[in-house]
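Be aware that the sequence shown starts at 3, since it is given in my numbering, and climbs by one per residue.
So the structure is just underneath, and the comments pick up after that.
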Amino acid sequence: MVSRIVIAAPASGHGKTTVATGLLAAFAARGLNVAGFKVGPDYIDPGYHALAAGRPGRNLDPVLVGNDLIAPLFAHGAAGADLAVIEGVMGLYDGRTGAGDHGSTAEVAALLDAPVILVVDAAAQGRSVAALVHGFRSFASDVSGGSGSRAGGGIRIAGVILNRVGSMRHEDLLRAALEEIGTPVLGALHRHDAVAAPSRHLGLIPAVERRSEAVAAVKALADVVASSVNLEAVLAVARSAPAFSATPWSPSVEEPDERRPVVAVAGGRAFSFGYAETVELLRGAGAEVALFDPLHDSSLPEGARALVVGGGFPEVYASELSANESLRADVARLARDGAPIAAECAGLLWLCRSLDGAPMCGVLDADAAMTKRLTLGYRDAVAVAASWLAPVGTRVTGHEFHRTAVTAGSSYPAGSSSPAGSSSPAGEATPAWAWRDATPEGFVAGNVHASYLHLHWAAHPEFAQRLVNSCA
3 MVSRIVIAAP ASGHGKTTVA TGLLAAFAAR GLNVAGFKVG PDYIDPGYHA
53 LAAGRPGRNL DPVLVGNDLI APLFAHGAAG ADLAVIEGVM GLYDGRTGAG
103 DHGSTAEVAA LLDAPVILVV DAAAQGRSVA ALVHGFRSFA SDVSGGSGSR
153 AGGGIRIAGV ILNRVGSMRH EDLLRAALEE IGTPVLGALH RHDAVAAPSR
203 HLGLIPAVER RSEAVAAVKA LADVVASSVN LEAVLAVARS APAFSATPWS
253 PSVEEPDERR PVVAVAGGRA FSFGYAETVE LLRGAGAEVA LFDPLHDSSL
303 PEGARALVVG GGFPEVYASE LSANESLRAD VARLARDGAP IAAECAGLLW
353 LCRSLDGAPM CGVLDADAAM TKRLTLGYRD AVAVAASWLA PVGTRVTGHE
403 FHRTAVTAGS SYPAGSSSPA GSSSPAGEAT PAWAWRDATP EGFVAGNVHA
453 SYLHLHWAAH PEFAQRLVNS CA
């Protein structure tokens, strides 16, 4: 099994992405084959990992795919790598609300038997940093006998990387404090080492939207980390991870479609949110995947028999998407022809009649608009309409993350999607899902399946096979 480390922190904002991306880039510059992973449903950090590592960044999310798939997905994504760097989510022990450590960085570290390096923002701390680290180091074993922690005593904090250190004197004080509790300091990044990463309403700007600046930022992170972190010590920690076996996950199916139908998959700056496994599953099911950019391509890929549109920031590019009238007409035509279409979040907005007043594809009889409210969290849902994606009663767990609302029909308030009986160019529309509280969400209209719900298809590989089979 590949050498591996988990980069965690006491909370969000301590510098996990800076350190994880910098380590990937620094080790890659030394000639190591590296692989980057992100705990949780985040789409943006893996984009920076991919730039640093030269291979797809991947997610490890027990909530979306289940605990049993974490090691196989890791083995698949780390194949051929010398070192895997797994960036955590939020604080080390923060999991799904109300579910103990389920979905936490600690749980993934335990499932992969990977040592943890804790990144600590020490900007306003002195000797108390030792109490903080000691508390995180001892918490797992303290609760290992309880019912709320699956990680239990199965994680090991092997060292600390300090961030936002004020001066050499400050660094010496922090190192002395951590020496008192026997926790190695593997590096210290000073405040003047900060590398700016621009952000907006949903976090960092994706690397694909600022390619040249992102490449330069990743190079700068590599230089900062290489000069501030003991890379040999970090590598020794990663190599201390015990061997364990896991059969790599495979996207292939026993009987792929021999017709090789063309499945168009949207990408580019407006639709950059997606899991690498989705495309791999489509190819494994027999599809010829054709990537296209709705901001630049005036038509769907030649011979497209299906369409997959993931998440992203269409609201940022609404005017450009609207101006691409020929592509919008192409998408509407594909929907009228009954081709299977899967759209998640940003894809849902693009299929609407309008987005912030700008005409969109008009596939769905609905309008979308930006709001001031952030909708965020895991969702347990059940399919309430039969579709090519799933039969009625299919249960899934997905993730919702947006600041928009979709309005369809006067009987539903703003923010709701598709009341039963609303019409669309694709046919009569009904809700796709019901949340746990029975709230309807999403659209099933003809062979269009559109929703705010982000799903990880590795947990439901039959989705890809059903889409490919539906291309007939």
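Beta carbons: idealized from backbone N, C-alpha and C, even for Gly.
So residue i and residue j are in contact, right, with Cβ under 8 Å, and what is the actual spacing, rounded?
i	j	result
His-401	His-456	5 Å
Leu-223	Ala-27	6 Å
Trp-459	Leu-180	Not confirmed; about 43 Å, so no contact.
Asn-471	Asp-259	6 Å
Gly-297	Glu-322	Before going on, a small fix: residue 297 reads as Leu here, not Gly. Rounded, the Cβ-Cβ distance is 5 Å, consistent with contact.
Trp-437	Arg-381	6 Å
Ala-344	Leu-378	In fact, because the Cβ distance is near 22 Å, the residues do not count as touching under 8 Å.
To which residues of the same chain is residue i closer than 7 Å at the C-beta, ignoring the five residues directly before and after it?
i	result
Gln-467	Val-255 and Ala-287
Thr-373	Arg-405, Thr-406 and Ala-407
Ser-300	Asn-326, Ser-328 and Leu-329
Asp-358	Glu-317, Ala-320, Ala-371 and Met-372
Val-281	Val-267 and Val-291
Ser-230	Gly-189, Ala-190, Leu-191 and Asp-195
Ala-116	Arg-6, Ile-7, Val-8, Ile-88 and Ala-243
Asn-232	Leu-188 and Gly-189
Gly-24	Leu-223, Ala-224, Val-226 and Val-227
Quick one: what does DSSP say residue i is sitting in, helix, strand or coil?
i	result
Gly-183	Before going further, note that residue 183 is Ile rather than Gly in the sequence given. Three-state DSSP puts Ile-183 in coil, outside helix and strand.
Tyr-50	helix
Ile-207	coil
Thr-280	helix
Gly-74	It should be noted that the sequence gives Pro, not Gly, for residue 74. Helix, per DSSP.
Ser-453	strand
Gly-79	helix
Asn-326	coil
Gly-286	helix
Glu-89	strand
Glu-402	strand
His-194	helix
Glu-257	coil
Thr-432	strand
Arg-241	helix
Leaving out five residues before and five after residue i in sequence, what residues of the same chain have Cβ atoms less than 6 Å from its Cβ?
i	result
Ala-348	Phe-273, Gly-313, Gly-314 and Pro-316
Ala-235	Leu-188
Pro-48	Lys-40 and Gly-59
Trp-251	Pro-74, Leu-75 and His-78
Ile-88	Val-8 and Phe-39
Ala-111	Val-8, Val-118 and Ile-157
Gly-276	Gly-312
Of the residues the options, which one's Cα is nearest the Cα of residue i?
i	options	result
Ala-218	Ala-370, Asp-47 and Leu-53	Leu-53
Val-384	Thr-396, Gly-359 and Leu-191	Thr-396
Arg-57	Asn-471, Gly-42, Gly-79 and Lys-40	Gly-79
Tyr-95	Gly-128, Asp-295, Ile-9 and Ala-278	Ile-9
Ala-474	Ser-140, Arg-166, Asp-174 and Asp-339	Asp-339
Arg-171	Gly-161, Arg-129 and Phe-141	Arg-129
Gly-448	Thr-441, Asp-367, Thr-409 and Phe-403	Asp-367
Asp-295	Glu-304, Glu-279, Tyr-277 and Arg-271	Arg-271
Gly-269	Arg-261, Pro-208, Val-239 and Leu-233	Pro-208
Ala-410	Val-446, Asp-382 and Val-167	Val-446
Ala-132	Gly-184, Ala-101 and Met-3	Gly-184
His-462	Gly-42, Ala-37, Ile-46 and Leu-71	Leu-71
Counting only the same chain and skipping the five closest in sequence on each side, list residues whose C-beta sits under 8 Å from that of residue i.
i	result
Gly-444	Leu-350, Ser-419, Ser-420, Pro-433, Ala-434, Trp-435, His-451, Ala-452, Ser-453, Tyr-454 and Leu-455
Ala-31	Ala-224 and Ala-228
Val-265	Leu-284, Ala-289, Glu-290, Val-291, Ala-292, Ala-306, Arg-307, Ala-308, Leu-309, Val-310, Leu-469, Val-470 and Cys-473
Determine whether the Cβ of residue i lies closer than 9 Å to any Cβ atom of chain D.
i	result
Glu-109	You won't find chain D in this structure, because it holds only one protein chain.
Alpha carbon to alpha carbon, how far is residue i from residue j?
i	j	result
His-136	Ser-106	19 Å
Asp-44	Val-398	18 Å
Ala-125	Leu-191	10 Å
Met-362	Asp-332	12 Å
Ile-159	Val-91	16 Å
Ala-431	Asp-84	50 Å
Arg-285	Arg-139	43 Å
Gly-423	Val-220	Model confidence at Gly-423 stands at a pLDDT of 39, short of 50, so the residue's coordinates are unreliable; what they give is reported in the following sentence. Their backbone Cα atoms lie some 50 Å apart in a straight line.
Ile-163	Gly-17	10 Å
Glu-182	Leu-176	10 Å
Phe-246	Gly-33	25 Å
Tyr-50	Ala-334	34 Å
Report yes if the C-beta of residue i is less than 8 Å from at least one heavy atom of the ligand COA; otherwise report no.
i	result
Gly-314	Ligands are entirely absent from the displayed structure, and the ligand COA is therefore not among its contents.
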